[in-house]
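Participant: Chains as they are written, first to last, in the working numbering: chain V, 3 to 329; chain W, 3 to 329.
(1) Does any CB atom of chain V fall closer than 8 Å to the CB of residue 76 of chain W?
(2) Since residue 123 of chain W meets chain V, which of its residues come closer than 8 Å, beta carbon to beta carbon?
(3) Counting only runs that start and end within the segment 132-163 of chain W, where is the alpha helix (DSSP H) found for 4 or more residues in a row?
(4) Span of the alpha helix (DSSP H) holding residue 199 of chain V?
(5) Can you list, in chain order, the residues of the segment 79-94 of chain W whose Cβ is nearer than 7 Å to any Cβ on chain V?
(6) What residues in its chain sit with their C-beta under 6 Å from that of residue 192 of chain V, if we drop five residues either side in the sequence?
(7) Could you work out which residues of chain V lie near residue 274 of chain W, taking near to mean beta carbons separated by less than 7 Å?
(8) Can you say whether residue 280 of chain W is buried or exposed, counting buried as having 16 or more other CB atoms within 10 angstroms of its CB?
(9) Using a Cβ-Cβ cutoff of 8 Å, what residues of the segment 33-64 of chain W are near chain V? List them in chain order.
(10) Helix, strand or coil: which one does DSSP assign to residue 317 of chain V?
(11) Give the residues of chain V in contact with residue 129 of chain W, contact being defined as C-beta atoms less than 9 Å apart.
(12) Given residue 310 of chain V, which residues of its chain have a CB within under 7 Å of its CB, disregarding the five upstream and five downstream residues?
(13) Find the nearest neighbour of residue 90 of chain V within the set V:247, V:231 and V:238, judged by alpha-carbon distance.
(14) Skipping 5 residues on each side, what residues in its chain have a beta carbon closer than 6 Å to that of residue 175 of chain V?
(15) Does residue 119 of chain V have its Cβ less than 8 Å from a Cβ in chain W?
(16) On the criterion of 16 or more Cβ atoms from any shown chain inside 10 Å, does residue 128 of chain W qualify as buried, or is it exposed?
(17) Quick one: is residue 149 of chain W near chain V, going by C-beta distance under 8 Å?
(18) Can you confirm whether residue 289 of chain W, when its beta carbon is compared against all beta carbons of chain V, has any partner nearer than 8 Å?
(19) Closer than 7 Å, Cβ to any Cβ of chain V: which residues of the segment 226-240 of chain W, in chain order?
(20) In the structure shown, what three-state DSSP assignment does residue 93 of chain W receive?
(21) For residue 102 of chain V, does the count of other Cβ atoms within 10 angstroms reach 16, so buried, or fall short, so exposed?
(22) Quick one: what's got a C-beta closer than 8 Å to residue 166 of chain W's C-beta in the same chain, skipping five residues either side?
(23) Just mark residue 195 of chain W as buried or exposed, buried being the case when its beta carbon has 16 or more other beta carbons within 10 Å.
(24) What did DSSP end up calling residue 171 of chain W once you bin it into helix, strand or coil?
(25) Taking Cβ-Cβ distances shorter than 8 Å, what residues in chain W pair up with residue 25 of chain V?
(26) Measure the CB-CB distance between residue 227 of chain V and residue 158 of chain V and report whether it falls below 8 Å.
(27) Between residue 180 of chain V and residue 144 of chain V, is the Cβ-Cβ spacing less than 8 Å?
(28) With respect to the alpha helix (DSSP H) encompassing residue 33 of chain W, which residues constitute its N-terminal and C-terminal limits?
(29) For residue 28 of chain V, go through chain C and note every residue whose CB falls closer than 7 Å to its CB, in chain order.
(30) Apply the 10 Å Cβ neighbour rule to residue 269 of chain W and answer buried if 16 or more other Cβ atoms are within range, or exposed otherwise.
(31) Of the residues V:317, V:110 and V:27, which one's Cα is nearest the Cα of residue 38 of chain V?
(32) Take the Cβ of residue 1 of chain V as the centre, count every other Cβ of all protein chains shown within 10 Å, and call the residue buried at 16 or more, exposed below.
(33) Using a Cβ-Cβ cut-off of 8 Å, state whether residue 67 of chain V counts as contacting chain W.
(34) Where do the N-terminal and C-terminal ends of the alpha helix (DSSP H) with residue 179 of chain V fall, by residue?
(35) Please list, in chain order, the chain W residues whose beta carbon lies closer than 7 Å to that of residue 146 of chain V.
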């Protein structure tokens, strides 16, 4: 079995676990909660969970449940983020609140949040009490930290003086924390040692930071159809992406004016000009920053005591996918 | 120490536990998440958790944490419910989304949801693995069931043929489940036997059903200042309360017309007429229904093997408070 089949096998199993937990009598609520999950997605986080268990030679059954828990949690955050950011498209489809209205979208997100904990409860059933404690602690703290990151992201929209250091802290919370928790959880349910868990956590966290930087880049460079959502929406929403932060640091007076006029604007001409300025100033820098975190992730991964070469190759492949992805 | 001091002592301790977990650097997010908790509330659920532990002679430290977890979870549901129902007042103050806007209110609710699980994780730390499993299973399933209840409640607003049986199912989910989980959790962390846990669960569930029926009654009869929110908002929102369901079953043609015109209306005259019709037809019936569940709760409570007479008296007092409350 090649890496592609290995990944597909995990994704198929995780999908089936998720759907088995997302059945209920209240049609609209459960339909809305399954919708985004059924729409697809790369399943990077649950694949990372299962590979992190496999690399330590652990039991895949628990890891598949833990992976499903993480992916369900991730989808809850997407549904609520789309309401907060007023985004109309996700994975090429209308977002949940556009299709069902805000009340049902809030409720579907809440349901997925609770379902994630329900699935995690099954994943760690019968493990020793200390490992269960660590799993729930990591999982609940992850949501707390992700919420803090979302709050920072929204606050940044109103500010013009966001520093790169603050940006990295924000994406560490908003995006990297759940990747870190994914790799950690996989290792944890596989019975991993403290040191292996620490290295897996660091691998996941740095992958997550690289992932978000690439996300910022794709918002500027990707093909709209491939991305499944409008390009330049970051500019329209006034998001302080790494491209904006870097550009505001080094731009000349004229470039700066273009950026200040384009960010948060609805004028397609101004938005396009801003995109061009950001590309010319910040693109190379952002790419090299993503590579930096990619390298840190691989270095942490190489310190994990791998019992399974294919899982090791798989975790390297995830790093490559994150850096090279086009959507 | 009298029952009043006993309750106040628990409430003070639970408040302090909750606030210790709700500190963070992101001022707006944490402020919004503490706001409703600091605004007050009766703390019936956490008091029930602690008394359920006390009645079995269990350790109060764990129960205070479990109580804080339940109350934080309850406040999360209130914040999100107020957004969904577009309610502007709660506990005499503007609701969270009115004060901070919908995005921050969604996020504050999500944060409390995760915080509830974080606090529960600390509450059960070091218990045997099976008891931890039961605690998380009950807690996550409660949020799932509460979400289902909220979905049913919203769906009922669009329907005219809701039967009393469906209404009871809805409030069992939306309101009674968390009371049931409260009494159960207190007994669980206190090391209670299966049978005592079953009786505590039944006590809590029936208290919860009585609580919601009384809530429906108060929406019609309470003093606006005492209630802390506008009276008749249930009528304005077209809620299918027990008073409406009963009235639609037995009303004559003219009364029926008044109700159909008043429900979901913004006309104060029509709303007041509807309130009068509901009072004359359904009030006595609703009160006797609440008494029925009150009696079921006391009967279950009397089957609990009480090691602590004061906690037993306290749990009876909660039942009395629920039936006799005016807000």
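We put the beta carbon where it would ideally sit given N, CA and C, even for glycine.
Facilitator: For this structure:
(1) Counting from one through the second chain, the residue named residue 76 of chain W turns up at place 74. Not closer than 8 Å to any Cβ of chain V, the Cβ of residue 76 of chain W fails to qualify, so no.
(2) Along the second chain, one-based indexing puts residue 123 of chain W at 121. Those within 8 Å of residue 123 of chain W in chain V are 135, 138, 139 and 142.
(3) none
(4) Numbered from 1 along the first chain, position 197 holds the residue referred to as residue 199 of chain V. Looking at the DSSP string, the run of the alpha helix (DSSP H) that includes residue 199 of chain V is 196-223.
(5) Of all residues in the segment 79-94 of chain W, 82, 85 and 86 have a Cβ within less than 7 Å of some Cβ in chain V.
(6) Sequence index remark: in the first chain, residue 192 of chain V carries index 190 (1-based). The residues are 55, 58 and 60.
(7) Taking the second chain and counting its residues from 1, the one referred to as residue 274 of chain W is at position 272. Residues of chain V passing the Cβ test: none, with the nearest at roughly 27 Å.
(8) Residue numbering aside, residue 280 of chain W sits at position 278 when the second chain is read from its first letter. The C-beta of residue 280 of chain W has 16 or more other C-beta atoms within 10 Å across all chains shown, which makes the residue buried.
(9) none
(10) As a working note, residue 317 of chain V is residue 315 in the first chain. In the structure shown, residue 317 of chain V sits in a helix (DSSP, three-state: H, G or I).
(11) Numbered from its first residue, the second chain carries residue 129 of chain W at position 127. Ordered by position in chain V, the residues that pass the 9 Å Cβ test against residue 129 of chain W are 131.
(12) Taking the first chain and counting its residues from 1, the one referred to as residue 310 of chain V is at position 308. So the qualifying residues of the chain are 56, 57 and 59.
(13) Here residue 90 of chain V refers to the residue found at position 88 of the first chain. Nearest option by C-alpha distance: V:231.
(14) Taking the first chain and counting its residues from 1, one reaches residue 175 of chain V at position 173. Counting only Cβ-Cβ distances below 6 Å, and skipping sequence neighbours, we find 147, 150 and 151.
(15) The sequence position of residue 119 of chain V within the first chain is 117, counting from 1. Chain W contact via Cβ: present.
(16) As a first step, residue 128 of chain W is located in the second chain; it is residue number 126 there, counting from the start. By the 10 Å Cβ count, residue 128 of chain W comes out exposed.
(17) Numbered from 1 along the second chain, position 147 holds the residue referred to as residue 149 of chain W. Closer than 8 Å to some Cβ of chain V, the Cβ of residue 149 of chain W qualifies, so yes.
(18) On the second chain, residue 289 of chain W is found 287 positions in, with the first residue counted as 1. No, residue 289 of chain W lies away from the interface with chain V (no Cβ there is under 8 Å from its Cβ).
(19) none
(20) In the second chain, counting from the first residue as 1, residue 93 of chain W sits at position 91. Residue 93 of chain W: coil per DSSP, three-state reduction.
(21) Here residue 102 of chain V refers to the residue found at position 100 when the first chain is read from its first residue. Residue 102 of chain V comes out buried.
(22) Here the question's residue 166 of chain W lines up with position 164 in the second chain. Same-chain partners within the cutoff: 244, 247, 248 and 251.
(23) On the second chain, residue 195 of chain W is found 193 positions in, with the first residue counted as 1. With fewer than 16 Cβ atoms within 10 Å of its Cβ, residue 195 of chain W is classed as exposed.
(24) Start at 1 with the first residue of the second chain, and residue 171 of chain W comes out as number 169. Three-state DSSP puts residue 171 of chain W in a helix.
(25) By 1-based counting over the first chain, the position of residue 25 of chain V is 23. The premise fails here: residue 25 of chain V is roughly 12 Å from chain W at the closest Cβ pair, so nothing lies under 8 Å.
(26) Within the first chain, the letter at position 225 stands for residue 227 of chain V. Within the first chain, the letter at position 156 stands for residue 158 of chain V. Contact: no.
(27) Residue numbering aside, residue 180 of chain V sits at position 178 when the first chain is read from its first letter. Residue numbering aside, residue 144 of chain V sits at position 142 when the first chain is read from its first letter. A contact, by the Cβ cut-off of 8 Å.
(28) Sequence index remark: in the second chain, residue 33 of chain W carries index 31 (1-based). Here the alpha helix (DSSP H) through residue 33 of chain W covers 29-40.
(29) In the structure shown, chain C does not exist; the protein chains are V and W.
(30) Residue 269 of chain W sits at position 267 when you count from the first residue of the second chain. When all chains shown are included, residue 269 of chain W counts as exposed.
(31) Within the first chain, numbered from 1, the residue matching residue 38 of chain V stands at position 36. Cα-wise, what sits closest to residue 38 of chain V is V:110.
(32) No answer is possible for residue 1 of chain V: it lies beyond the span of chain V, which begins at 3 and ends at 329.
(33) Mapped onto the first chain, residue 67 of chain V falls at position 65. It does not; no Cβ of chain W falls within 8 Å.
(34) For the purposes of this step, residue 179 of chain V is taken as the residue at position 177 of the first chain. Its alpha helix (DSSP H) spans residues 179-191.
(35) Looking up residue 146 of chain V in the first chain gives position 144. The contacting residues are 113, 116, 117 and 120.
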